[in-house]
Amino acid sequence: MNMVSLPARLLLLSGLILPLCGTEKARQRGLRQRDECTFTKMRSDSSLRVLFSGSLRLKCKTACCQRWYFTFNGAECAAPLPIESIIYLDQGSPELNSTINIHRTSAVEGLCDGIQAGLVDVAIWVGTCADYPRGDASTGWNSVSRVIIEELPK
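Numbers -22 to -1, 1 to 132, taken from mature numbering (1 follows the signal peptide of the UniProt record, and there is no 0), label the letters of the sequence shown in order.
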């Protein structure tokens, strides 16, 4: 019988999985960006806590909105809610014919229930906000980005 506690196993798994995640420098991938890690979930009755921490940037000359969100095995979290963060810009600086180009260190964090035990593909995506134009988004510019995945008992 394994005598290692669940928190110690989670810490060990997090330490092993993080270097394998491809989030150091996300590259533009068409309309959406994605970086993915595979995590081994030990129990079906636990929650996954996920955290992305790194640079997020949105720029545009007119109003725009982008949404950073997590997926689990290709689907957004259904319970309790999706795990997301948005950046909305009202406008750039038309009088200077330029765009606002601020890189923000930001976090996208949340809990997801209802994921079965086993291998779970966890990904961070960039997409559009409903009913708003798409801007020029980037993730992880000139900084270290991290994805932390933690299994929590209920």
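Where is the CB? At the ideal position from N, CA and C, for every residue including glycine. On a predicted model such as this, the values are computed, not experimentally measured, just so you know.
The beta carbon of Tyr110 is closer than 8 Å to those of Ala41, Cys42, Cys43, Tyr66 in its chain, skipping five residues each way along the sequence. As computed with DSSP, Ala85 is found in a beta bridge with Ser31. For Ile78, the three-state secondary structure derived from DSSP is coil. In its chain, beyond the 5 residues on either side, Leu89, Cys90, Asp91, Leu130, Lys132 have a beta carbon closer than 7 Å to the beta carbon of Ser25. Asp114 sits in a strand when the DSSP states are folded into three classes. Within its own chain, the residues whose Cβ lies closer than 7 Å to the Cβ of Gln94, once the five positions on either side in sequence are excluded, are Ser22, listed in chain order. The Cβ-Cβ distance between Trp46 and Val86 falls below 8 Å. Phe30 is positioned such that its CB atom lies no closer than 8 Å to that of Val98. The beta carbon of Thr16 lies closer than 6 Å to those of Leu97, Asp99 in the same chain, with the five residues before and after it left out.
In terms of Cα proximity to Thr106, the closest of Asn79, Leu36, Lys19 is Leu36. Listed in chain order, the non-local C-beta contacts of Glu14 below 6 Å within the same chain comprise Asp99, Ala101, local neighbours out to five positions each way being set aside.
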